[in-house]
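Input: a single structure, listed below in structure tokens.
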Amino acid sequence: MQATIRSSHALRPTRWALLLSTMTLVILLMSMNFGLSLGYFMSFLLLSIILVSAVSAWFNLANLELMLAQPAPVFLGQTIKLQVSLINNASENKYGIGLATTSADTQFADIDARSQKIICLTIRPDHRGWWSVPPLKLHSTFPLGLFS
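Going letter by letter, the sequence shown gives residues 431 to 578 in my numbering.
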């Protein structure tokens, strides 16, 4: 049994993006206060870098599908190997795609255009019996690490 999930993504700023945005706002306010042309130039340049980074990060996650294969049964104390296929349906390469859960480390992969890559996540179950897969987090910090 395989489950196919279409990626729905929302961009979230990283702490570096928040720091850069705050710094840009301070530069803009200081430029307005003191009438500095170079300050206006720097603030609008930084703002354009932030916006281009957001658009690039959004396009890097667009048209990705996740296909999760059913894991083999294990005993308590053994690790479960989740095999997740990342399918790129776009005509562009995807760089720095990360896949993680709350209980597994992030695995990164680059995916070529119109291809797929299999990522294996290892998870140790914490109880006996039926176990549900924790939520998968698909993210990318490409190109500058400002959005994920």
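Every residue, glycine too, gets a C-beta built ideally from N, C-alpha and C.
Item, Value
"Are the beta-carbon atoms belonging to Val485 and Leu496 less than 7 Å from one another?", "no"
"Look up Ser545 in the DSSP assignment and say whether it is helix, strand or coil.", "coil"
"Closest to Leu529 by C-alpha separation, out of Phe464, Lys547 and Asp542, would be which residue?", "Lys547"
"Examine the Cβ distances between the region 545-563 and the region 508-523 and report whether three or more of them are shorter than 8 Å.", "yes"
"Can you list, in chain order, the residues of its chain whose CB lies under 8 Å from that of Pro565, leaving out five sequence neighbours each side?", "Thr531 and Thr532"
"Could you say which of Val504, Ser461 and Asn490 lies nearest to Ala539 if we only look at CA atoms?", "Asn490"
"Given Met431, which residues of its chain have a CB within under 6 Å of its CB, disregarding the five upstream and five downstream residues?", "Reliability of the predicted coordinates at Met431 is poor, the pLDDT of 49 falling under 50, and the value obtained from them is presented with this limitation in mind. The residues are Gln500."
"Enumerated in chain order, which unbroken segments of the beta strand (DSSP E) with a length of 3 residues or greater are wholly contained in the region 507-568?", "510-518, 524-531, 534-541 and 546-553"
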